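>
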Amino acid sequence: MFVGAVGRDSRGTEALDDLARAGVDTTGVDRVEQPTGTAHVLRDAAGENLIVVVPGANHALSADHVRHALEHLHVEDAVVVSNLEVPDDAVLAAATAAAGRGWRLVLNPGPARVLPPELLALVAVLTPNAEEVLLLGADSVADLLAAGTGAVVVTRGADGVDVHDGERAGGPRRLPALPVDVVDTVGAGDAFTAGLAVALASGARLDDAALFGTAAAAIAVTGSGARGAPLDPAAVRALLADRAAGA
Numbered sequence: 011m012f013v014g015a016v017g018r019d020s021r022g023t024e025a026l027d028d029l030a031r032a033g034v035d036t037t038g039v040d041r042v043e044q045p046t047g048t049a050h051v052l053r054d055a056a057g058e059n060l061i062v063v064v065p066g067a068n069h070a071l072s073a074d075h076v077r078h079a080l081e082h083l084h085v086e087d088a089v090v091v092s093n094l095e096v097p098d099d100a101v102l103a104a105a106t107a108a109a110g111r112g113w114r115l116v117l118n119p120g121p122a123r124v125l126p127p128e129l130l131a132l133v134a135v136l137t138p139n140a141e142e143v144l145l146l147g148a149d150s151v152a153d154l155l156a157a158g159t160g161a162v163v164v165t166r167g168a169d170g171v172d173v174h175d176g177e178r179a180g181g182p183r184r185l186p187a188l189p190v191d192v193v194d195t196v197g198a199g200d201a202f203t204a205g206l207a208v209a210l211a212s213g214a215r216l217d218d219a220a221l222f223g224t225a226a227a228a229i230a231v232t233g234s235g236a237r238g239a240p241l242d243p244a245a246v247r248a249l250l251a252d253r254a255a256g257a
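Following the working numbering, the numbering of the sequence shown begins with 11 at its first residue and continues without gaps.
What follows is the structure, encoded as structure tokens:
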């Protein structure tokens, strides 16, 4: 189920139709008077992405709506995925609902900002990039873990990801990125988080889920734009199988 808010405009209708075609349950989407939120991706001279967000309806998503939508999700186990393009109280409502039902919350903390301690304590897996770590109100990943976050997986682009969970000796584990011909890095972080969440929901351990996420991100960067490359679990598994066969 997708829980969110879109406007009563053509962009909102297009977004809902697009989700429906992908087989996503949109009964958790609220239609509000504000225009549907948009993001405009620019690239600077160094090739870094600059994202201009016009939140619109995203900022109208209420905690009450989130709670009500999740109350009607009748599954025993779930992985809830959120980012920070909606108000903190809406994210906290999702986190609280998830914790109350034994579900896990995967939080992609962008746009990064200082997070309330009560939210950090409810996050099962946090997926910041290296720059975002210092914008969350912590001096280090260790501080995030000390605040109660279950695990922190720091994405590092072409350098892969670092998995921190405090449960194994020897510090974080570096999982390398899969080598591919990169066309466009827009959406790579979202693809990683999605892949990780799908794998966790399928019963994978954290390191294996993070590896699945790196494969999803590798596919995502081979196309132009945030959705330029076809991405589904079967394609991710095929890429991992190909890499394993060639290892």
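Think of the CB as a built atom: it goes at the ideal place given N, C-alpha and C, for glycine as much as any other residue.
In this text the structure is predicted, and so the values were computed from the model without any measurement.
Mind checking whether the beta-carbon of Asn118 lies closer than 7 Å to any heavy atom of the ligand GDP?
This structure simply doesn't include the ligand GDP, nor any ligand for that matter.
> For Gly38, list the residues DSSP reports as bridge partners.
Sequence index remark: in the sequence shown, residue 38 carries index 28 (1-based). Gly38 pairs with Val13.
> Quick one: grab the DSSP three-state call for Thr106.
In the sequence shown, residue 106 corresponds to position 96, counting from 1. Helix.
> Using a Cβ-Cβ distance cut-off of 8 Å, determine whether Ala107 contacts chain D.
As a matter of chain content, chain D is missing from the structure shown, which is built from one protein chain.
> Are the region 188-207 and the region 110-118 touching, with three or more C-beta to C-beta distances below 8 Å?
Enough Cβ pairs lie closer than 8 Å, so yes.
> Along the chain, where does the beta strand (DSSP E) containing Arg183 start, and where does it finish?
Against the sequence shown, residue 183 aligns to sequence position 173. Taken as a continuous stretch (DSSP letters only), the beta strand (DSSP E) holding Arg183 covers Arg183 to Leu185.
> Applying the criterion that 16 or more other CB atoms from any shown protein chain within 10 Å of the CB defines a buried residue, is His75 buried or exposed?
What you label residue 75 is simply residue 65 of the sequence shown in a count that begins at 1. The residue in question, His75, is buried, as its Cβ has 16 or more Cβ neighbours within 10 Å.
> How would you write the range of the alpha helix (DSSP H) that Ala49 sits in, first residue to last?
Here residue 49 refers to the residue found at position 39 when the sequence shown is read from its first residue. Note, Ala49: premise wrong, no alpha helix (DSSP H); beta strand (DSSP E) at Thr48 to Arg53.
> Report the rounded CA-to-CA distance for Ala230 versus Ala88, giving the unit in angstroms.
For the purposes of this step, residue 230 is taken as residue 220 along the sequence shown, with counting starting at 1. For the purposes of this step, residue 88 is taken as residue 78 along the sequence shown, with counting starting at 1. Between Ala230 and Ala88, the C-alpha separation is close to 24 Å.
> Going by DSSP, name the residue or residues bridged to His174.
Residue 174 sits at position 164 when you count from the first residue of the sequence shown. Per DSSP, Val162.
> Check the DSSP bridge columns for Asn139 and list the partner residues they point to.
For the purposes of this step, residue 139 is identified with residue 129 of the sequence shown, where counting begins at 1. Asn139 pairs with Thr165.
> If you draw a straight line from the C-alpha of Asn59 to the C-alpha of Leu52, how long is it?
The count along the sequence shown starts at 1 and reaches residue 59 at position 49. The count along the sequence shown starts at 1 and reaches residue 52 at position 42. The alpha-carbon atoms of Asn59 and Leu52 are separated by roughly 6 Å.
> In the DSSP assignment, find the alpha helix (DSSP H) that holds Val116 and state where it starts and stops.
The sequence position of residue 116 within the sequence shown is 106, counting from 1. First-last for Val116: Arg114 to Leu117, but that is the beta strand (DSSP E), not the alpha helix (DSSP H).
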